[in-house]
Every structure is written in C-alpha cells, then in structure tokens.
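Using the UniProt record's numbering, the first residue of the sequence shown is number 1, and each one after it goes up by one. Each residue gets a CB set at the ideal place from its N, CA and C atoms; glycine is no exception. Quantities reported herein were computed from a predicted structural model and do not represent experimental measurements. Take a look at the structure set out below.
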Amino acid sequence: MEQETLIFGLHSVIEAIQAGKTIEKIFIQKGLQGNLAHDLESLIRKEGINASYVPVEKLNRLTSKNHQGAVAQISPIEYHDIENLVLNVIESGKTPLFLLLDQLSDVRNFGAIIRTAECTGVNGIIIQKKGSAPINGDTIKTSAGAVFKMPICRVDHIKDAMFHLQASGIAVIAATEKTNDTIYDIDFKVPCAIIMGSEGRGINPSVLKLADSKAKLPLLGTIESLNVSVACGAILYEVVRQRLV
Numbered sequence: 001m002e003q004e005t006l007i008f009g010l011h012s013v014i015e016a017i018q019a020g021k022t023i024e025k026i027f028i029q030k031g032l033q034g035n036l037a038h039d040l041e042s043l044i045r046k047e048g049i050n051a052s053y054v055p056v057e058k059l060n061r062l063t064s065k066n067h068q069g070a071v072a073q074i075s076p077i078e079y080h081d082i083e084n085l086v087l088n089v090i091e092s093g094k095t096p097l098f099l100l101l102d103q104l105s106d107v108r109n110f111g112a113i114i115r116t117a118e119c120t121g122v123n124g125i126i127i128q129k130k131g132s133a134p135i136n137g138d139t140i141k142t143s144a145g146a147v148f149k150m151p152i153c154r155v156d157h158i159k160d161a162m163f164h165l166q167a168s169g170i171a172v173i174a175a176t177e178k179t180n181d182t183i184y185d186i187d188f189k190v191p192c193a194i195i196m197g198s199e200g201r202g203i204n205p206s207v208l209k210l211a212d213s214k215a216k217l218p219l220l221g222t223i224e225s226l227n228v229s230v231a232c233g234a235i236l237y238e239v240v241r242q243r244l245v
C-alpha cells in the first residue's frame, strides 16, 4: 500500500471522516468493542463508507503502528461532482461519453477500465460509494497513471446517476447478455453512458430495467462471458469506430 495514505487508530479514523477526508475503505478488527468502535461504525453507516471486518492479522500486515483495530485508506484522488462534470462536458460541445460501473469490485479490472476509458475519450467514470473497488496502489498501477487524468465521480446510488444523465439528454446503455441486440445494433454517435456490471453478478436487475437500451457482445466460443475490462474495451472501441466515421 505504499502508494496510498493510511490512517490508523480509532480516534484518527473518526477525526478524518469528520474532517471530510475522502475515505476509500476502512478495515475494522472483527469483534471490536467499546464506545469509540461504536462511534466509528455509526459514522461509517451515516457516510456510506466501504468497510470490511477483518482478523487482527490483516491489520498488522497493513501497518506496524498501534492501529487499535481500525485502519483507513485515504483516496489518492479528488472525486468530481457529477452535476458539474456533466454540465461542463455538455457545454464544451463534445458528444458526451460516460461509463457507469455497477459495483465493480476488482481493483485491477477497475484500473484496466480507467486506462482504456482514457484512451477512448471517455469524459468521466461514475461509481457507487458502496460495493465498488477502491482506488489503491494496484488500481493506479494497472491504470498506468490514467486514474489521475480521468474524472471519476462517486455517487450514493448508481440509479441516481442514471436519472441525472437521462435528464441531461444522455442515453444510458447497459452492457448485458440479457438482450438480442449486439453492440453493433446500437447508435453510439448520440450522447451516451455505458453501464458495466460487476464481475460475478453483472448489472443489478433494478438498475438494468432503468436503462434506455441494452447491448451484448457476440460470443462465438463456448465460454459464456468475457472479463469485464476486456468487454468494456471492445464496447468503447465500437463507440470510437462509429464516432470516427
């Protein structure tokens, strides 16, 4: 975790949250008791922060300091406000292209997607606070530094982001096998946002039904699905192909 900032100790983690620091994830020792532990858990619930309950050995591996049962990862980037980002892209005269990641959990997939997104002209990536992969050293490395160039927004709920994009005239297209349409049937020349699902579950059904359209990649072999970062790359380059014509 040498590329991340770690905060350790119950008091320090609580103070960081109260000071408005952007927390990627908090690791809490399993079975931790006491008033401070209770206060921290209340703050985590209130702020919707990612948290994992882990054995003390995990915390000892994260830091050799006196962690008191709590270690927090501070985000290495500043997240963008979705409303300002969408407005700025529209006002720039560019045809908007956004990515929505529905609780993608693998940091290397996240980093690879950020890298491809930067290479294909994506205007911003939107993730959900809860259940999403953190931005850590592995994310930064896999993105080849693109994480520092790509605007990323964190929202309470992906559905809220979808509603805002749709209200702004941006079509939301879900990448899913639950359709007969392939990506080659979709018009990507219009302002659009593409939703990619998590590695195991795919797109949440309640999110999927709010999409304006659905599209899949044709699979000609016997394997039922592609790695999500590979699939995302294939879709984004279809967008590039259409927009270059």
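Problem - contact_flag[the segment 16-24, the segment 70-79] where n(CB pairs < 8 Å) is 3 or more - result: yes
Practice task
Please say whether L100 and I195 have beta carbons closer to each other than 7 Å?
Solution key: yes
Practice task
Check whether the Cβ atoms of Y79 and R154 sit closer than 7 Å, and answer yes or no.
Solution key: yes
Exercise for the section: Could you have a look at T116 and say whether DSSP puts it in helix, strand or coil? Expected result: helix
Problem - Straight-line gap, Q18 to V207 (C-alpha atoms, nearest Å) - result: 31 Å
Exercise for the section: Give the straight-line distance between the Cα atoms of T179 and A51, rounded to the nearest whole angstrom. Expected result: 35 Å
Exercise for the section: Give the range of the alpha helix (DSSP H) segment to which L6 is assigned. Expected result: It is not in any alpha helix (DSSP H) - L6 instead sits in the beta strand (DSSP E) that spans 5-8.
Exercise for the section: State the beta-bridge partners of M196 as determined by DSSP. Expected result: L101
Exercise for the section: Give the DSSP-derived three-state secondary structure of E177 in the structure shown. Expected result: coil
Problem - Residue range of the unbroken beta strand (DSSP E) whose run includes residue 292 - result: Given a span of 1 to 245 for the chain in the structure shown, any question on residue 292 remains unanswerable.
Practice task
Take E15 as the anchor and find which of G31, A37, D102, L32 has the nearest alpha-carbon.
Solution key: A37
Handout entry: Residues that Y53 bridges to, as DSSP identifies them
Key = I28
Handout entry: Rounded separation between L136 and I28 - CA only
Key = The sequence as given places Asn at residue 136; Leu does not occur at that position. The alpha-carbon atoms of N136 and I28 are separated by roughly 18 Å.
Problem - Coil, strand or helix - A171 by DSSP - result: strand
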